[in-house]
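> In numbering that gives the first Met the number 0, the protein residues as written are 0 to 88. One structure is given below, represented as structure tokens, and several questions about it will come after.
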Amino acid sequence: MMDVTNNEAKSRYEMEVDGHTAFAAYVRQGDVWDFNHTVVPPELGGRGIGSKLVAGALADVKAQGGKIIPTCSFVAGYVEKHPDAAEIA
Numbered sequence: 000m001m002d003v004t005n006n007e008a009k010s011r012y013e014m015e016v017d018g019h020t021a022f023a024a025y026v027r028q029g030d031v032w033d034f035n036h037t038v039v040p041p042e043l044g045g046r047g048i049g050s051k052l053v054a055g056a057l058a059d060v061k062a063q064g065g066k067i068i069p070t071c072s073f074v075a076g077y078v079e080k081h082p083d084a085a086e087i088a
């Protein structure tokens, strides 16, 4: 199982896969996370890593009672496709 972790020091959620790190960066102000950039290394492309990463990040934000601003186009697209994620946007 691939775990999504919040690296607060770098203001990003991360997922380590096969020696590579995918991440979703954010700027946090109180209970609002503005997700502004998502990176999935080319070596991990086409495996759904980005969606798993964002799902884990948004689940954590939701568990903390937070809201998101999906500035990143990838996160915005994920929210559009997943109504459960839209409730925190």
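Here a beta-carbon is modelled for each residue, glycine too, at the ideal position from N, C-alpha and C. Since the structure is predicted, the reported quantities are computational estimates derived from the model, not experimental observations.
V53 lies in the beta strand (DSSP E); which residues open and close that run?
Taking the sequence shown and counting its residues from 1, one reaches residue 53 at position 54. Residue range 48-62 is occupied by the alpha helix (DSSP H) that includes V53, with no beta strand (DSSP E) assigned at that position.
> Helix, strand or coil, according to DSSP, for D83 in the structure here?
For the purposes of this step, residue 83 is taken as residue 84 along the sequence shown, with counting starting at 1. Helix at D83.
> I want to check one thing, is the minimum distance from the CB of G49 to the heavy atoms of the ligand FMN below 8 Å?
The model on display carries no ligand, and the ligand FMN is accordingly not part of it.
> If the criterion is Cβ atoms closer than 9 Å, does the pair F34 and P69 meet it?
Within the sequence shown, numbered from 1, the residue matching residue 34 stands at position 35. Within the sequence shown, numbered from 1, the residue matching residue 69 stands at position 70. For F34 and P69, yes; Cβs fall inside 9 Å.
> Short of 7 Å in beta carbon distance, which residues of its chain neighbour K61, apart from the five on each side in sequence? Order them along the chain.
Taking the sequence shown and counting its residues from 1, the one referred to as residue 61 is at position 62. I87, listed in sequence order.
> May I ask which residues mark the beginning and end of the beta strand (DSSP E) holding D33?
Numbered from its first residue, the sequence shown carries residue 33 at position 34. 31-38 is the span of the beta strand (DSSP E), which, as asked, contains D33.
> Specify, as a first and last residue, the run of the beta strand (DSSP E) that P41 falls within.
Numbered from its first residue, the sequence shown carries residue 41 at position 42. Element bounds for P41: n/a, residue is neither H nor E.
> By alpha-carbon positions, which one of F73, S50, K80, A56 ends up nearest to V31?
Here the question's residue 31 lines up with position 32 in the sequence shown. It is A56 whose Cα lies nearest to the Cα of V31.
> Could you check if V26 is buried or exposed, using at least 16 other CB atoms within 10 Å of its CB as the buried criterion?
Numbered from 1 along the sequence shown, position 27 holds the residue referred to as residue 26. By the Cβ-count criterion, V26 is exposed, with fewer than 16 other Cβ atoms from all chains shown falling within 10 Å of its own Cβ.
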